[in-house]
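Chains as they are written, first to last, in the working numbering: chain A, -6 to 431; chain B, -6 to 431. We put the CB at the ideal spot given by N, CA and C, even for glycine. In this text the structure is predicted, and so the values were computed from the model without any measurement. Worksheet for the structure shown next.
Pasting the structure below:
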């Protein structure tokens, strides 16, 4: 049976998972591929740690050069992470004519255009299924299964840490800080959770998927992002009263010749399957003109689910090697010459439905003052709730808007924040609900 | 730009959808493929009907031979359906060295082993993504994305007609016959609905998916099936009281060296995403050892969703043609020589949780008589409900069992049916609920 020698750069959690799968599931992989994915070398500076994997003699080494410079190795798996040395190693592997697999969403989002161009020049493949959605085959689905569709939109829950935290706040009524601490104790959040909770990780992923969906060059800089640290049990309760749950959504929509790409906490109706995706799970809805909505759901992170996605890329590349068909599928889903710059609509110009919560001193006329300001900015209100009258104290006033322009909303909220009766800055949460009147 | 000439056999609903996509979405398909899928000829005995498609001059013809015998045509799309002429045409296309795409689940389930062998001998591809789950890429996912996994189980809602009917009974409390009539009026059920409501269509699909999941030869004969025509609003109400919805599920599970493959109405908990899949929609959960559960959801039928799946196969085969890589992926997911006969566990030998409803004359001691019979057959009960006491009349007695063996259940129910106090045959509905104690 033909053997395809594989080299791994980096053996942290996911790298270990890949090694485990290649070694422990060798039989089933070979039965499908008709050849063997042979783990030839794994480079990691820490060769002493027990990873629970029985590496054959000589496989685990400290020096990355023993992967990069090994002429036998046909596919290099980059599992280092980050945008520094990982980028250099990938470029070197490409220059040496090796195919590359990575799970590095930060790198693909930031440097993908450069890396794909380099791979194209050398005629090698650079695959990255594991960079988005863990074991959900969202990249293959966009790239291969939806080829007959114009993609209209992507809406997804793509960060398990945020989804876990929001699920805890929702289920237990605890504050964000307590939910974050719980996520950290459970191993679902990093000691420095910024990349997750501020939405950066989700932005990386939706920037990549948008490129695949529309045939656009990857554009991370123009993705709008807003994290979840300001989400309170109070807003989650109000959301539930309107029939909504709050999720950190990645939203990408075609808007004429441009696209909207944004990441923010969003209210979605209970009837939307995404609202039932809880804990660390991920899901994404893709809307195509022929398919309508399709949804994928699964574990978006973790050692073995992510390793499963890496192995699917390895098998794809091995099939290309076995059949002499490198570059069979273009990395960004569209053939060379068809990947364009597509402008991203600035957040100020999007329209959405909105949830507002004002903390207003409870005086006669306050509601009409707020409504008046919103009205002068062209924002019409479809529903108002005022809770717990406390004469003289601040009470929450909650409103749902009809479809409005973000710039108008921001101006109106700034004006309302300056009112003498405003006891705290207004809260704004965007709503995705197709059943609402515009 | 290179052109790949395509021929269609049959131009009914899905065939028309394929023609529409190829003609109307030519640009986006070419942008992805880097070549053109050129619709060269469509054969259908009815060339007069207006299909709402602007066929170029000479494309629509009455004679299938003009597709089969055209040496230019590299891929034939079989859209005739059934296991008669469709089989002959596919075999002839293969013999002539053409690649074939079909959506014909009945044919693949019944004759797939023969057809794949023929395609293997000629070195051509036979693709069938559209045969299961409409636009959900379940076949590509099993065949390519989950290659690193041992698949443990598949559980799916794979027939939109049945799901629509069960959704109507659930939402409106109407009887099966009224829901079926409604489905027929809405165009979601055929005039003769047998193939759908008796579970045959679902059986075809799960037989195909099981082969792909486990590397087994397709075995339709041993799939157990039970339809939905006996499902009543009463049982749906009882199910809801226990926190369950009733869905027609296709269930396929690895059991040691054998597999269970069965299709029947099943109670599943509200918390299971499948219980929220309503109307004509389809969904399937795949459980792999590395991935855990992943779920795909989308339109399982209809002109354009199914056409989308056919076009994804066409693009895959076109890429193989362009790159000289035919047979790049084995049709049944496992390489030649690794597809085995795997025995299917007879239904009598499966174990499950069960819901029973007995119509018992309301006399003292009836409950203990029934419980006694169940107990003597080794079936223990975890929950009992007796509703609406009517002295002397028949009342429904509902029980949920612990895990029990189907053969024991059938014997016990037969004995209970013979009791003098039994006013009607007992009702049995299987339960899938991982949270239950065994």
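Worksheet item: Can you find a CB in chain A that lies within less than 9 Å of the CB of residue 223(B)?
Response: no
Worksheet item: What's the C-alpha gap between residue 271(B) and residue 325(B)?
Response: 30 Å
Worksheet entry | Same chain, Cβ closer than 6 Å to residue 390(A), neighbours up to 5 away in sequence not counted | 351, 353, 379
Practice prompt. Would you verify that the beta carbon of residue 143(B) is, or is not, closer than 9 Å to some beta carbon of chain A?
Written response: At least one chain A Cβ lies under 9 Å of residue 143(B).
Item to complete: Can you check the region 271 to 309 of chain A for any beta strand (DSSP E) of at least 3 residues that lies completely inside it and give the ranges in chain order?
Response: You should have 274 to 281, 285 to 292.
Worksheet item: Of all Cβ atoms in chain B, is any one closer than 9 Å to the Cβ of residue 256(A)?
Response: No, residue 256(A) lies away from the interface with chain B (no Cβ there is under 9 Å from its Cβ).
Item to complete: Under 9 Å between beta-carbons, which chain A residues line up against residue 123(B)? List them in chain order, please.
Response: Here the premise fails: no neighbours, minimum Cβ distance about 11 Å.
Worksheet item: Does DSSP classify residue 444(A) as helix, strand or coil?
Response: Summary: the structure shown does not reach residue 444(A), with chain A confined to residues -6 through 431, and so no result is reported for it.
Worksheet entry | Three-state secondary structure (DSSP) of residue 107(B) | helix
Discussion item. Quick check on DSSP: helix, strand or coil for residue 380(B)?
Written reply: coil
Fill in: Bridge partners - residue 507(A), DSSP secondary structure assignment
This structure leaves residue 507(A) out entirely; chain A is present only between -6 and 431.
Worksheet entry | Alpha carbon of residue 330(A) to alpha carbon of residue 116(A), nearest angstrom | 15 Å
Worksheet entry | Nearest-angstrom Cβ-Cβ length linking residue 60(B) and residue 11(B), presumed shorter than 8 Å | With 8 Å as the limit, residue 60(B) and residue 11(B) do not qualify as a contact, their Cβ atoms being about 13 Å apart.
Discussion item. Could you compute how far the alpha carbon of residue 309(A) sits from the alpha carbon of residue 118(A)?
Written reply: 10 Å
Practice prompt. Entirely within the region 37 to 121 of chain B and at least 3 residues each: give me those beta strand (DSSP E) ranges in chain order.
Written response: 68 to 71, 92 to 95
Fill in: Whether residue 206(A) touches residue 135(A) by CB criterion (9 Å)
yes
Worksheet item: How about residue 127(B) and residue 302(B): are their beta carbons less than 9 Å apart?
Response: Contact flag set, yes.
Worksheet item: Using a beta-carbon distance cut-off of less than 7 Å, what residues from the region 294 to 306 of chain A approach chain B?
Response: 297, 298, 300, 301, 304, 305
Practice prompt. Measure the alpha-carbon distance for residue 238(B) versus residue 124(A) and round it to whole angstroms.
Written response: 36 Å
Fill in: Collapsed DSSP secondary structure at residue 248(B) in the structure displayed
strand
Worksheet item: Which residues, taken in chain order from the region 389 to 416 of chain A, show a beta carbon closer than 9 Å to some beta carbon of chain B?
Response: none
Worksheet entry | Beta-carbon spacing of residue 259(A), residue 242(A) below 9 Å | yes
Worksheet entry | Buried versus exposed, by CB contacts within 10 Å (16 or more), residue 204(B) | buried
Discussion item. Does the region 14 to 22 of chain B come into contact with the region 81 to 97 of chain B, if we say contact requires no fewer than three beta-carbon pairs (one atom in each stretch) closer than 8 Å?
Written reply: no
Worksheet item: Grouping DSSP H, G and I as helix and E and B as strand, with all else coil, what is residue 359(B)?
Response: helix
Worksheet item: So, is the C-beta of residue 260(A) closer than 9 Å to a C-beta in chain B?
Response: It does not; no Cβ of chain B falls within 9 Å.
Practice prompt. Using 10 angstroms around the beta-carbon of residue 193(A), count the other beta-carbons present and answer buried if the total reaches 16, otherwise exposed.
Written response: buried
Worksheet entry | Runs of alpha helix (DSSP H) wholly within the region 189 to 229 of chain B (minimum 4 residues, chain order) | 193 to 207
Worksheet item: Just to confirm, are residue 221(B) and residue 158(B) a CB contact at a threshold of 9 Å?
Response: yes
Worksheet item: On the three-state DSSP scale, how would you describe residue 318(B)?
Response: coil
Worksheet entry | Assumed close pair residue 129(A), residue 291(A) - CB separation to whole angstroms, cut-off 8 Å | Confirmed, Cβ separation roughly 4 Å.
Practice prompt. Check each candidate in 315(A), 187(A), 137(A) and name the one with the smallest Cα separation from residue 27(A).
Written response: 315(A)
Discussion item. Cβ closer than 7 Å: which chain A residues qualify as neighbours of residue 134(B)?
Written reply: The contacting residues are 130.
Fill in: Buried or exposed (CB count within 10 angstroms, at least 16 for buried), residue 228(A)
buried
Item to complete: Report the residues of the region 6 to 30 of chain A with a CB closer than 7 Å to any CB of chain B, ordered along the chain.
Response: 14, 18, 21, 22, 24, 25, 26, 27
Worksheet item: Among 231(A), 53(A), 133(A), 257(A), which one has its Cα closest to the Cα of residue 0(A)?
Response: 53(A)
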